[in-house]
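What follows is a short report on a single structure.
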Amino acid sequence: MAAREFSALSAAERAAALFDKGTFRTLYGAKRQSLRVGRGRIDGHPVLAAFTDGAVRGGTFGKHEAELLARLIESAARRSKDRPCLIIGFDTGGVRIQEGPAALAALSAVAVSLARLTLHGVRALSLISGSRGCFGAPSVMAALPGRVVMTADCNWGLTGPSIIGGVRSEPEQGERSGFAATSSASRKRNGDVHAVLGDDVDSVRAELRRFVGSPEKKVPSLADSIAAGAKLSRQLQSRLRRSRAYRTPTRVQRRRDLLRYSFRGQWKPSGPLERSGLVEAAFGTLAGRSALSLIIGPERVEGSGVGIEEAALVTGMIRRAGRKPGEKPVILVFLFCQGHVVDVTQERFGLPRALAACLRTMVAARLRGHPIITVLGGGTYGAAYLALAAPSHRILAMRGTSIAPMAPEVLRAFQTLRGPKAGQEPEAQLAELVPDIRIVESVIRLPRALRDEMAGLAREA
359 MAAREFSALS AAERAAALFD KGTFRTLYGA KRQSLRVGRG RIDGHPVLAA FTDGAVRGGT
419 FGKHEAELLA RLIESAARRS KDRPCLIIGF DTGGVRIQEG PAALAALSAV AVSLARLTLH
479 GVRALSLISG SRGCFGAPSV MAALPGRVVM TADCNWGLTG PSIIGGVRSE PEQGERSGFA
539 ATSSASRKRN GDVHAVLGDD VDSVRAELRR FVGSPEKKVP SLADSIAAGA KLSRQLQSRL
599 RRSRAYRTPT RVQRRRDLLR YSFRGQWKPS GPLERSGLVE AAFGTLAGRS ALSLIIGPER
659 VEGSGVGIEE AALVTGMIRR AGRKPGEKPV ILVFLFCQGH VVDVTQERFG LPRALAACLR
719 TMVAARLRGH PIITVLGGGT YGAAYLALAA PSHRILAMRG TSIAPMAPEV LRAFQTLRGP
779 KAGQEPEAQL AELVPDIRIV ESVIRLPRAL RDEMAGLARE A
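For the sequence shown, the numbering used here gives the first residue as 359, with consecutive numbering after it.
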């Protein structure tokens with residue numbers, strides 16, 4: 359019956375249908391909002407849950423929704439002895455554009471907390487459904503839990519299929535192939551999801567009952583989690599490179615050694631420079647302390663950005679950084695990349711999962727004791743900010759740096775489809791609007807700012 363289609367139900371109706379009768383209780387807010395957060399029981403097991411409502415503001419995440427989800431994740435962490443499961447239902451178009459960098463920063467912080475929660479062994483499941491499926495920065499979050507399921511005939515990707523068609527004009531990058539690349543069938547073939555369910559309450563509830571009733575698994579060590587992230591990224595990279603549609607990424611040629619220039623002679627390389635796509639990475643010492651540098655971007659071609667290639671090198675280098683017993687190199691990230699890559703082929707071969715592996719690996723490295731400092735320059739958008747900047751202890755940005763849920767070319771395609779609205783202007787999306795970011799007035803002052811942050815982290819340690 360159409361009324362029993364899971365995707366047709368509101369967030370409140372989904373929660374009521376999936377939980378044991380009468381057990382679901384709404385937490386932390388009003389009932390009419392784009393995110394329903396609560397707790398209850400499934401087959402008697404304690405469960406915390408959040409469901410986005412695609413019928414309310416497109417299911418988008420703003421600061422308020424991020425705060426609700428953060429409180430739920432904190433509750434799951436506090437109640438870890440009770441072993442509640444966490445279920446997050448995604449039916450969302452992404453981060454709310456009108457709220458700009460503040461909304462992106464808030465949701466990115468929630469994603470870091472979710473990654474930390476899963477690394478500590480709390481069982482979590484992502485349920486992707488609805489006419490909107492899951493797109494934008496939340497698509498990276500959806501790949502973090504240990505189990506990911508989708509209902510049939512929904513989509514999951516970083517860039518919406520219609521928007522990909524507006525950014526890329528090549529025949530193989532058209533709207534139709536974009537929908538196919540992000541479909542539940544394509545995700546299942548690539549191994550991105552564990553199961554594709556019928557779009558009905560009974561099928562979804564049966565899956566959740568199996569999940570909450572399954573035995574708990576041994577929690578891997580942080581080193582094993584980092585190794586798993588590197589392995590997954592390499593696998594996705596290998597599949598991508600075997601594709602006939604694969605295009606070798608353009609390497610960025612730099613005019614100067616950024617590390618030597620930024621640290622005024624304090625950077626001493628201890629190994630060769632590794633390159634892949636937009637990433638240059640190297641090990642060395644900084645003011646006598648071991649360090650790993652990761653320089654990402656900038657792009658030279660519209661639509662290029664952080665993708666599977668870049669994630670593979672970042673996760674691989676972080677794995678190498680922790681191999682020496684007792685040594686915890688500083689991880690320095692220079693992020694000059696406009697956003698994630700807009701590419702149908704990379705979407706099909708698991709782009710959201712690759713960036714989730716990058717985020718999870720960086721969070722695991724932080725938990726192991728690696729100080730992480732990120733420097734932003736020019737513009738950093740959406741999933742690139744979430745996966746590479748959000749896990750840092752400190753974030754610095756050159757004055758005038760932009761931060762927004764969408765990269766400029768993606769926003770232009772979005773506005774072509776939906777029409778521009780107030781709050782979407784690029785000049786309003788500045789890093790100065792994010793309180794946790796330290797603004798550096800000029801490149802000349804960057805070395806001093808970095809030394810200050812390094813000294814501060816050393817004192818905290």
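All residues carry an ideal CB built from backbone N, CA and C; glycine is no exception.
All values reported here derive from a predicted model rather than from experimental measurement.
(request) Can you give me the Cβ contacts of A715 inside the same chain, cut-off strictly under 7 Å, excluding the 5 residues immediately before and after it? (result) G587, L590, S591, A669, T673
(message) Bridge partners for E363 per DSSP, in chain order?
(response) D558
(request) Go ahead and label H728 buried or exposed: buried means 16 or more other beta carbons lie within 10 angstroms of its beta carbon, across all protein chains shown. (result) buried
(request) Give the range of the beta strand (DSSP E) segment to which F694 is assigned. (result) Taken as a continuous stretch (DSSP letters only), F694 belongs to no beta strand (DSSP E), as it is neither H nor E.
(message) Can you look up P529 in the DSSP assignment and give me helix, strand or coil?
(response) Residue placement at P529 is poorly supported in this model, since its pLDDT is 48, which falls under 50; the coordinates still yield a value, given next. Residue state, collapsed to three classes: helix.
(message) Quick check on D810: buried or exposed, where buried means 16 or more other Cβ atoms within 10 Å of its Cβ?
(response) exposed
(request) Could you pull out every residue in the same chain whose Cβ sits closer than 6 Å to the Cβ of M359, ignoring the five residues on either side in sequence? (result) No answer about M359 holds up, because its pLDDT of 37 lies below 50 and its placement is not dependable.
(message) Could you check whether the segment 433 to 450 touches the segment 404 to 421, counting it as contact only if at least three pairs of C-beta atoms, one from each stretch, sit closer than 8 Å?
(response) yes
(request) Report buried or exposed for P710, applying the criterion of at least 16 other Cβ atoms within 10 angstroms of its Cβ. (result) buried
(message) Which of the three DSSP states is assigned to E632 in this structure?
(response) strand
(message) Could you check whether the segment 785 to 802 touches the segment 499 to 512, counting it as contact only if at least three pairs of C-beta atoms, one from each stretch, sit closer than 8 Å?
(response) no
(message) Short of 6 Å in beta carbon distance, which residues of its chain neighbour R481, apart from the five on each side in sequence? Order them along the chain.
(response) C443
(request) Take the Cβ of T774 as the centre, count every other Cβ of all protein chains shown within 10 Å, and call the residue buried at 16 or more, exposed below. (result) exposed
(request) With E371 as the anchor, note down where its beta strand (DSSP E) starts and where it stops. (result) Element bounds for E371: not the beta strand (DSSP E) but the alpha helix (DSSP H), 369 to 376.
(message) Determine whether the beta carbon atoms of E565 and L555 lie at a separation below 8 Å.
(response) yes
(message) For a test of the three-state rule: what should DSSP assign to V551, helix, strand or coil?
(response) coil
(message) What would DSSP say about P766, mapped onto helix, strand or coil?
(response) helix
(request) On a CA-only basis, which of A765, F772, E363 is nearest D558? Give me that one, please. (result) E363
(request) Taking only the alpha-carbon atoms, compute the straight-line gap between G412 and C695 and give it to the nearest angstrom. (result) 30 Å
(message) For P529 and V551, I'd like the C-alpha separation in whole angstroms.
(response) Confidence in P529 is poor, its pLDDT being 48 and thus under 50, which makes the residue's placement unreliable; the coordinate value appears in the next sentence. C-alpha separation (whole angstroms): 28 Å.
(message) Taking the alpha carbon of G402 as the reference point, which residue from L430, T418, G494, F569 has its own alpha carbon closest?
(response) F569
(message) Is the beta carbon of E705 closer than 8 Å to that of L477?
(response) no
(message) Pull the bridge partners of Y604 from the DSSP assignment, please.
(response) None; Y604 has no bridge partner.
(message) By DSSP's criteria, T384 is part of a beta bridge. Which residues make up the other side?
(response) G396
(request) With I445 as the anchor, note down where its beta strand (DSSP E) starts and where it stops. (result) 443 to 448
(message) For a quick check, are the C-beta atoms of G479 and N513 less than 8 Å apart?
(response) no
(message) Do V395 and L427 count as a contact pair if the criterion is CB distance below 8 Å?
(response) yes
(message) Looking at the secondary structure, which residues open and close the beta strand (DSSP E) in which L516 lies?
(response) Here L516 belongs to no beta strand (DSSP E), and DSSP marks it neither H nor E.
(message) Only counting the same chain, and skipping five residues up and downstream in sequence, which positions put a Cβ closer than 6 Å to that of V562?
(response) F364, L555
(request) Indicate the three-state DSSP secondary structure (helix, strand or coil) for G727 in the structure shown. (result) coil
(request) Just mark E432 as buried or exposed, buried being the case when its beta carbon has 16 or more other beta carbons within 10 Å. (result) exposed
(request) Would you give the residue range spanned by the alpha helix (DSSP H) that V470 belongs to? (result) 458 to 477
(request) Might you give, ordered along the chain, the residues of its own chain that have their beta carbon closer than 7 Å to the beta carbon of R534, omitting 5 neighbours on each side? (result) Its pLDDT being 49, under 50, R534 is placed unreliably in this model, and the coordinates cannot settle the point.
(request) Spatial neighbours of I689 within its chain, please: CB distance less than 6 Å, with the 5 preceding and 5 following residues excluded, ordered by chain position. (result) L650, H728, I730
(message) Could you tell me the alpha carbon to alpha carbon distance between K421 and I584, rounded to whole angstroms?
(response) 30 Å
(request) Return the CA-CA distance between A369 and A679, expressed in angstroms with no decimal places. (result) 43 Å
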